[in-house]
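Take a look at the structure below.
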Amino acid sequence: MAQSEATQAEVYTESLLTALGIASKNQNVTLAINTFNSLIKNMLALNSSLVSFLELQGNPNFVYYGYQKTLEVDGVVYALASYPPYFVNASVQLLLVNASRNTYIFTLAYHFVVNGENVLPLIGVTTNPNSIVILQNNKILIFSNSQNVYLTINIASELLINCYLKA
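Going by numbering that gives the first Met the number 0, the sequence shown opens with residue 0, and the numbers climb by one from there.
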């Protein structure tokens, strides 16, 4: 069976996601824009059925909030890339912290929205110090012996969300 060509939405969305992931590691919006434009130009060269919006719409919008910050209850960390009508939005919110017998339980809400649809393609969650991590639907539960935990969430492609959790 022959592999079908990517749709317009798939190309633009994947390019947004890849650019957001690369740039989120450096907090560099210029790098994100250049990466996105390069990816789109390469895909246009490979697939003549795609339409270029680059000349019409200009550059996409990339926003990062809360990276490498201390996240307390109700705090949010997010990364957003938009190029209407396509967008990618990933966020993590610390909902609750419980402490019992030197164990801290962090409850976080995780959202990943692509073009209006909730997606849960969480690749992995790592903590430092090492903790027990349980994924339940769009919730992340972390059981730790420390009241301060460094959290890295690998969402998709190269998109990472990093923050410090504080009990």
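The beta-carbon is built from N, C-alpha and C at its ideal position, and this holds for glycine as well.
All values derive from a computational prediction rather than experimental measurement.
Item                                                                                                           : Value
Whole-angstrom distance between Leu94 and Asn127, CA atom to CA atom                                           : 19 Å
Counted within 10 angstroms of its Cβ, other Cβ atoms place Ile122 as buried (16 or more) or exposed           : exposed
Span of the alpha helix (DSSP H), counted from its first residue to its last, around Ser37                     : Val28 to Leu45
Start-to-end residues for the alpha helix (DSSP H) that takes in Ala108                                        : Looking at the DSSP string, Ala108 is not in any alpha helix (DSSP H); the run it does join, the beta strand (DSSP E), is Thr102 to Val113.
contact_flag[the region 13-27, the region 77-89] where n(CB pairs < 8 Å) is 3 or more                          : yes
7 Å CB neighbourhood of Thr12 in its chain, flanking five on each side removed                                 : Tyr85, Val87, Val113 and Asn114
8 Å CB neighbourhood of Asn24 in its chain, flanking five on each side removed                                 : Looking at the sequence provided, one finds Lys at residue 24 rather than Asn. The residues are Glu157 and Leu159.
Own chain partners of Leu30 with C-beta closer than 6 Å, once the 5 adjacent residues on each side are dropped : Ala22
Sub-8 Å separation of Phe105 and Ala89 beta-carbons                                                            : no
Alpha-carbon spacing of Tyr63 relative to Thr102, whole angstroms                                              : 31 Å
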